[in-house]
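Heads up, the thing below is written out as structure tokens.
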Amino acid sequence: MKDFLEVGDYSASELEALLKLAVQLKLEWQSGGNRPVLGGKVLAMVFQKASLRTRVSFEVGMLHLGGNALYLSPQEIGLGQRESIPDVARVLSGMVQGIMARVFSPDHLTGLAQWATVPVINGLSDKSHPCQAMADMLTIYEHFGHLRGLKLAYLGDSNNVTYSLAEAAARFGLKFAIGSPQGYQFNETTHAYFRSLGVDLLVTDDPLKAIDGADVVYTDTWTSMGQEAEASERRKVFPPYQVNPDLLAKAAPHAVVLHCLPAHRGEEITDAVADGPQSLLFQQAANRLHAQKAILVRLMSGR
Ligand code: CP
Ligand code: NVA
Numbered sequence: 006m007k008d009f010l011e012v013g014d015y016s017a018s019e020l021e022a023l024l025k026l027a028v029q030l031k032l033e034w035q036s037g038g039n040r041p042v043l044g045g046k047v048l049a050m051v052f053q054k055a056s057l058r059t060r061v062s063f064e065v066g067m068l069h070l071g072g073n074a075l076y077l078s079p080q081e082i083g084l085g086q087r088e089s090i091p092d093v094a095r096v097l098s099g100m101v102q103g104i105m106a107r108v109f110s111p112d113h114l115t116g117l118a119q120w121a122t123v124p125v126i127n128g129l130s131d132k133s134h135p136c137q138a139m140a141d142m143l144t145i146y147e148h149f150g151h152l153r154g155l156k157l158a159y160l161g162d163s164n165n166v167t168y169s170l171a172e173a174a175a176r177f178g179l180k181f182a183i184g185s186p187q188g189y190q191f192n193e194t195t196h197a198y199f200r201s202l203g204v205d206l207l208v209t210d211d212p213l214k215a216i217d218g219a220d221v222v223y224t225d226t227w228t229s230m231g232q233e234a235e236a237s238e239r240r241k242v243f244p245p246y247q248v249n250p251d252l253l254a255k256a257a258p259h260a261v262v263l264h265c266l267p268a269h270r271g272e273e274i275t276d277a278v279a280d281g282p283q284s285l286l287f288q289q290a291a292n293r294l295h296a297q298k299a300i301l302v303r304l305m306s307g308r
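Structure (structure tokens):
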């Protein structure tokens with residue numbers, strides 16, 4: 006496959022190979038450095054939204070693999086406004102060997118992928134965040150030594166992160182529970198799509214049911230980028246889904262906590278949990294680097 010747009014575009018065995026590659030690249034880096042398998046190659050990073058982890062992990066990933074990365078801010082490109090998506094895709098294809106894009110509309114990603122002759126990587130859209138899900142699977146795998154059969158509970162807004170986690174849970178054989186309030190759940194078509202992938206899925210507006218016995222507890226912001234106008238309304242709806250010590254006590258005693266970050270401490274997660282003994286938040290953030298390297302090598306090295 007030329008691009009990395011959705012977790013669900015890849016088969017279970019392809020994703021397992023990608024995870025294995027991430028483990029290998031992490032070990033290689035920890036043992037003195039990665040081989041320059043992307044020497045002379047350049048990744049264009051197109052951003053319509055802010056980023057810390059995605060930008061830094063892809064840029065540092067390219068440097069560690071012998072290549073370079075180019076940050077293109079919203080002002081510079083004006084994707085679909087200053088210049089059409091097909092034109093941006095073809096211009097970049099003439100100069101760089103890969104494109105990573107963070108966009109609002111998922112159509113912009115499929116448009117870039119359709120017109121670019123080089124690989125296109127989804128660095129988050131309003132629909133999904135597949136690179137994050139790969140780092141999350143790596144983190145869970147490192148902690149438990151396996152993925153199949155674990156219960157992953159997601160508490161909060163059914164959003165882009167949730168979407169890719171559902172696809173990853175399906176492909177890697179985790180059970181997935183979504184605890185989201187009414188009005189903030191995916192529609193039935195999307196739930197049916199997740200079930201069609203074979204995931205053992207529970208959707209509930211009861212946070213206690215969602216978290217019950219979970220091995221992994223996951224949360225994300227109540228207000229995603231682009232939804233800022235709804236923030237005060239959302240602050241009224243979501244407090245029962247806050248991952249705090251009381252709620253976490255309903256998960257399995259050995260449960261670990263993940264959050265893609267940035268965290269809004271005191272909203273979806275409390276300091277006691279984010280900085281507590283069950284938190285894997287910063288291992289998870291660091292794993293963006295290793296998971297993203299695997300995607301870069303898989304798509305750009307010709308291997
Ligand atoms: N988790 C994540 O994608 O972080 P950034 O928005 O900082 O890239
Ligand atoms: N759901 C969040 C994820 C940020 C990495 C957002 O889209 O803002």
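Note that our numbering has the sequence shown beginning at 6, numbered continuously upward. Note that CB positions come from ideal geometry on N, CA and C, so glycine has one too.
Distance cut-off 8 Å: L129 Cβ against heavy atoms of the ligand NVA: With a threshold of 8 Å, the Cβ atom of L129 counts as near the ligand NVA, since some heavy atom of the ligand is closer than that.
Element boundaries [alpha helix (DSSP H), containing R107]: No alpha helix (DSSP H) contains R107, which is instead part of the beta strand (DSSP E) from G103 to R107.
Stretch-stretch touch, CB-based, cutoff 8 Å, three pairs: the segment 47-59 with the segment 128-139: Of all C-beta pairs linking the segment 47-59 to the segment 128-139, three or more are shorter than 8 Å, placing the two stretches in contact.
Chain B contact for D131 (CB, 9 Å cutoff): No chain B is present in this structure, which holds just one protein chain.
A173 CB to nearest heavy atom of the ligand CP below 8 Å: No - the ligand CP has no heavy atom lying nearer than 8 Å to the Cβ of A173.
Nearest candidate by alpha-carbon position, reference M50, set S306, D280 and Q102: Of the candidates S306, D280 and Q102, Q102 places its Cα closest to the Cα of M50.
Any 3 or more C-beta pairs closer than 8 Å across the segment 137-145 and the segment 290-304: By the Cβ test, the segment 137-145 is in contact with the segment 290-304, since at least three Cβ pairs between them sit closer than 8 Å.
Neighbour-count burial assignment, P135, 16 or more Cβ in a 10 Å radius: That one is buried.
Identified DSSP bridge partners for R270: DSSP output for R270 lists I274 as bridge partner(s).
Strand pairing of L263, partner residues [DSSP]: Note: L263 sits in a beta bridge opposite Y223.
Straight-line gap, H269 to T226 (C-alpha atoms, nearest Å): Going by the C-alpha atoms only, they are around 6 Å apart.
Residues that V208 bridges to, as DSSP identifies them: Note: V208 sits in a beta bridge opposite I183.
For F181 and Y189, the rounded distance between their alpha carbons: About 17 Å.
Any alpha helix (DSSP H) of 4 or more consecutive residues that is wholly inside the segment 8-63: Entirely contained in the segment 8-63, the alpha helix (DSSP H) runs reaching 4 residues are, in chain order, 17-35.
9 Å Cβ cutoff met for V166 and V221: Note that the C-beta distance between V166 and V221 is not below 9 Å.
Contact test: P267 Cβ vs the ligand NVA heavy atom, cutoff 8 Å: A distance criterion of 8 Å places the beta-carbon of P267 in contact range of the ligand NVA, judged by its closest non-hydrogen atom.
Spatially closest choice to G387 from Q247, A234, M100 and S18, by CA coordinates: As shown, the chain starts at 6 and ends at 308. That puts residue 387 outside it, with no answer to give.
Cβ-Cβ distance between L285 and T144 below 9 Å: The answer is yes: Cβ separation under 9 Å.
Cβ-based neighbour list, D211, same chain, cut-off 8 Å, excluding 5 preceding and 5 following: G184.
Contact check, K214 vs L207, beta carbons under 9 Å: Between K214 and L207, the C-beta spacing is below 9 Å.
Check whether R176 and L20 have beta carbons under 9 Å apart: If you check the CB distance, R176 and L20 come in under 9 Å.
Integer-rounded CB distance, given that K255 should sit under 8 Å from D280: The Cβ separation is near 20 Å, so there is no contact.
Distance CB(P91)-CB(G116) smaller than 9 Å: With contacts defined by Cβ atoms closer than 9 Å, P91 and G116 form a contacting pair.
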